[in-house]
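Worksheet: the structure to be examined is printed underneath.
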Amino acid sequence: MEKKEHIISILVYNKPDVLARIAGTLGGKGYNIESLCVNTTTQYEISKIVMATIGNQATISRIESQLQRLVDVIQVDDLTNVESIHREMILVRLNLTDDKKEQIKKAIDTYKWKVIISSDAFVILEITGDKPQIDLALARLEPLGITDITRTGIVALDLKN
Amino acid sequence: MKLKGSQILLKMLEEEKVDIIFGYPGGSVLDIYDQLYKSNIKHILVRHEQGAVHAADGYARATGRVGVCLVTSGPGATNTVTGIATANMDSIPIVVFTGQVPTALIGNDAFQESDITGITRPCTKHNFLVRSVEELASTIKEAFHIARSGRPGPVLVDLPKNVMATETDYDPASIKIRNYDIFHKPAPKKMAQVLEMLTQAKKPLIMTGGGVILGKAAAELTELARLYQIPVTGTLMGLGSFPGTDPLWLGMLGMHGTFYANMAVSHCDLLIAVGVRFDDRVTGTIETFATNAKIVQIDIDPSSINKNVVVDLPIIGETKATFRDMLKFLAEHNYSPSSKERKEWLKQIAEWREKVPLTYCQNGQVIKPQYVIETLHKLTKGNVIVTTEVGQNQMWTAQFFHFDKPNTFITSGGLGTMGYGLPAAIGVKCAFPDKQVVDIAGDGSIQMNIQELATAAQYKINVKIVLLNNGYLGMVRQWQELFYEKRYSHTDMTYAPDFVKLAEAYGIVGLRATKPEEVEPILQKGLSIDKPVLMDFKVSREECVYPMVRPGESISEMELGTREMIN
Numbered sequence: 000m001e002k003k004e005h006i007i008s009i010l011v012y013n014k015p016d017v018l019a020r021i022a023g024t025l026g027g028k029g030y031n032i033e034s035l036c037v038n039t040t041t042q043y044e045i046s047k048i049v050m051a052t053i054g055n056q057a058t059i060s061r062i063e064s065q066l067q068r069l070v071d072v073i074q075v076d077d078l079t080n081v082e083s084i085h086r087e088m089i090l091v092r093l094n095l096t097d098d099k100k101e102q103i104k105k106a107i108d109t110y111k112w113k114v115i116i117s118s119d120a121f122v123i124l125e126i127t128g129d130k131p132q133i134d135l136a137l138a139r140l141e142p143l144g145i146t147d148i149t150r151t152g153i154v155a156l157d158l159k160n
Numbered sequence: 000m001k002l003k004g005s006q007i008l009l010k011m012l013e014e015e016k017v018d019i020i021f022g023y024p025g026g027s028v029l030d031i032y033d034q035l036y037k038s039n040i041k042h043i044l045v046r047h048e049q050g051a052v053h054a055a056d057g058y059a060r061a062t063g064r065v066g067v068c069l070v071t072s073g074p075g076a077t078n079t080v081t082g083i084a085t086a087n088m089d090s091i092p093i094v095v096f097t098g099q100v101p102t103a104l105i106g107n108d109a110f111q112e113s114d115i116t117g118i119t120r121p122c123t124k125h126n127f128l129v130r131s132v133e134e135l136a137s138t139i140k141e142a143f144h145i146a147r148s149g150r151p152g153p154v155l156v157d158l159p160k161n162v163m164a165t166e167t168d169y170d171p172a173s174i175k176i177r178n179y180d181i182f183h184k185p186a187p188k189k190m191a192q193v194l195e196m197l198t199q200a201k202k203p204l205i206m207t208g209g210g211v212i213l214g215k216a217a218a219e220l221t222e223l224a225r226l227y228q229i230p231v232t233g234t235l236m237g238l239g240s241f242p243g244t245d246p247l248w249l250g251m252l253g254m255h256g257t258f259y260a261n262m263a264v265s266h267c268d269l270l271i272a273v274g275v276r277f278d279d280r281v282t283g284t285i286e287t288f289a290t291n292a293k294i295v296q297i298d299i300d301p302s303s304i305n306k307n308v309v310v311d312l313p314i315i316g317e318t319k320a321t322f323r324d325m326l327k328f329l330a331e332h333n334y335s336p337s338s339k340e341r342k343e344w345l346k347q348i349a350e351w352r353e354k355v356p357l358t359y360c361q362n363g364q365v366i367k368p369q370y371v372i373e374t375l376h377k378l379t380k381g382n383v384i385v386t387t388e389v390g391q392n393q394m395w396t397a398q399f400f401h402f403d404k405p406n407t408f409i410t411s412g413g414l415g416t417m418g419y420g421l422p423a424a425i426g427v428k429c430a431f432p433d434k435q436v437v438d439i440a441g442d443g444s445i446q447m448n449i450q451e452l453a454t455a456a457q458y459k460i461n462v463k464i465v466l467l468n469n470g471y472l473g474m475v476r477q478w479q480e481l482f483y484e485k486r487y488s489h490t491d492m493t494y495a496p497d498f499v500k501l502a503e504a505y506g507i508v509g510l511r512a513t514k515p516e517e518v519e520p521i522l523q524k525g526l527s528i529d530k531p532v533l534m535d536f537k538v539s540r541e542e543c544v545y546p547m548v549r550p551g552e553s554i555s556e557m558e559l560g561t562r563e564m565i566n
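Chains A and B are the protein sequences, given in the same order.
Residues in the first sequence are numbered consecutively from 0, following numbering that gives the first Met the number 0.
Residues in the second sequence are numbered consecutively from 0, following numbering that gives the first Met the number 0.
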């Protein structure tokens, strides 16, 4: 069976060690978490975890049922085989050195990157998109001299619900 | 009503109808022990916290109720880990209360602090750290509910010392807990599929596991098998879920299963597996397991389905409800197997049974361990609850003691915990003081929790220990004999205490048999004495458990032992 990335969305009760339980369940059974995003929902006592992991369908089904066994897990959905949108965000800091300054300003105009802070010395950009878009942006940023970067895990939403 | 945390704990235990606690006091649980001093709940003081958990576990397995233990923080808590993991692997409902340092000190490496919820996260069904006295009552209620609902399992509740000492309002009527969804009834279309598969099958076989006992479904399974003449094999955990003396019973399957059970699995065309998780000791190599069969798997836990063996028809549901549905559906649709085909199948199994029966050779002047177990079965007519240690003693018991009823064979299956049998027997005997409770032990295992003899002596818990003493870690030695050219690396346990004197030193009765003709009289005497008794049987030192499937082989390829063994 084909191995690919699966985006799994998990609704949980917002308890102090719920993330440790989920990470432990996966780690203990030998599965790796590729990316992770956690926050509360509109209700503070319920959190949503969006997780990317790699495996074939049988492995993913096993992960789902292992997660469903956890007492604090409310619902588990694999968003890979349904229509869903995926987004990641990066924050990037570029230093405006003399040799790169013009190049950076031109790129910001061309690609319509969102500038959050800019000074004489540096800019910080916020870029969101799905995985290919972020990867493309990173390829374009690379020659401009990235001095610091943070990339979030994937957030995803099922189109139907 | 204003109560302290420690008082609320005992109130809640009464609400849960807990009649006995196995425990060991310490600094962090002094407040609780002070309340126990005034309480009607019985407390058994074990000699090691591991013993407390095994005793609670034995109590739970024999009664089907939740077993309870109470220990202190730090080492008291960490000593419970093996017991908790044992219960977790076999899905046994227990609640373990551990003391914890005051909340203000948690994380400071305080004296006798351990992160026990962190340590036991992977080996509990769930665990809790109670951070305030306000959440205490509902947490305890939830802990018991989680332990016994769905697929049961151990739950740990960590109780900081200050939470036990703080007062709050207590009103049992106002305690609310979350609802947990449990799968109850399988869809009707699944029953139609079962009917169709049964109708097409010429050689059906039922494989019963621990889930049938936990699900209290032994009677329904027995009815189904007898009504439609379907032969039954079982896993170690399933022993007792179908009468071991019934002609349809094939004994255990797997590594030390009977030849005929393994042949039946390998040749059947429909395998109905109930409450099993297809452990590697049961299946042998997965690729060759039941290759001729369509497999129906019934289990309450969706994560057990398709975990090791991919099945044709999964049914997620309580075993009892599922069997009832099945019986009803099959009757309504006039399912009636072809008697000719069924006769042929049962005849084939009878031929395998005749070709390689389960046997051993008791000759000469040395006691064979199997003979001790058979004699025990004969003398008690099986009317006894048996616990075992782990290793050869456990496998011989599984093979030669024919369990007729559920909850009468108490053994550590999944984890294979040495030192389980004696404390578990104590727990069982506490639940059934009028029943004969026997721990079939090995000389290696029994020494891992031998200190519990003091517990048995103190409370006059009259368990009987049948010690199959071969002076070896027998099962490991057997593997060294078969797979490591008899290099007995560190398995010789000849240097051991004189068990009879040891028993006497603990204030219980010690007896010994060294010749075959002494076996029956010693067993008779030991069973009739109204005190804890340790019976030391000096058995054949290098006896092996046969038949045996070599690790990594198909279960249809069995080592049968020497000719002398099977004659």
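Glycine is no exception: its CB is placed at the ideal position from the N, C-alpha and C atoms.
How about residue i: is its C-beta nearer than 7 angstroms to some C-beta of chain B?
| i | result |
| --- | --- |
| Gln65(A) | yes |
| Lys14(A) | no |
Starting from residue i, find everything on chain B with Cβ-Cβ shorter than 8 angstroms and list it in chain order.
| i | result |
| --- | --- |
| Ala19(A) | Gly117 and Arg120 |
| Gly27(A) | Pro121 |
Can you pull the chain A neighbours of residue i, defined as C-beta to C-beta under 7 angstroms?
| i | result |
| --- | --- |
| Lys306(B) | Arg61 |
Label residue i either buried or exposed according to how many other C-beta atoms from any shown protein chain fall within 10 Å of its C-beta, with 16 as the threshold for buried.
| i | result |
| --- | --- |
| Gln523(B) | exposed |
| His255(B) | buried |
| Leu481(B) | exposed |
| Ile366(B) | buried |
| Val91(A) | buried |
| Asp98(A) | exposed |
Give the residues of chain A in contact with residue i, contact being defined as C-beta atoms less than 9 angstroms apart.
| i | result |
| --- | --- |
| Asp300(B) | Ser64 and Arg68 |
Measure from the C-beta of residue i to each C-beta in chain A and report whether the shortest distance is under 7 angstroms.
| i | result |
| --- | --- |
| His125(B) | yes |
| Ile91(B) | no |
| Ile145(B) | yes |
| Ile565(B) | Its pLDDT being 40, under 50, Ile565(B) is placed unreliably in this model, and the value from its coordinates should be taken loosely. No, no contact with chain A. |
For residue i, which residues does DSSP report across the bridge?
| i | result |
| --- | --- |
| Gln74(A) | Leu10(A) |
| Ser46(A) | Val11(A) and Thr39(A) |
| Asp279(B) | Note: Asp279(B) sits in no beta bridge, so no partner. |
| Ala440(B) | Leu466(B) |
| His42(B) | Ile20(B) |
| Tyr32(B) | BP columns for Tyr32(B) are empty, so no partner. |
Under 7 angstroms Cβ-Cβ, which residues of chain B neighbour residue i?
| i | result |
| --- | --- |
| Gly23(A) | Arg120 and Pro121 |
Can you tell me whether residue i is helix, strand or coil according to DSSP?
| i | result |
| --- | --- |
| Leu158(A) | coil |
| Tyr370(B) | helix |
| Pro151(B) | coil |
| Trp351(B) | helix |
| Pro209(B) | Sequence inspection shows Gly at residue 209(B); the Pro mentioned does not correspond to that position. Gly209(B): helix per DSSP, three-state reduction. |
| Thr259(B) | Sequence inspection shows Tyr at residue 259(B); the Thr mentioned does not correspond to that position. Of the three classes helix, strand and coil, the one that applies to Tyr259(B) here is helix, per DSSP. |
| Val383(B) | coil |
| Gly426(B) | helix |
| Trp248(B) | strand |
| Leu559(B) | coil |
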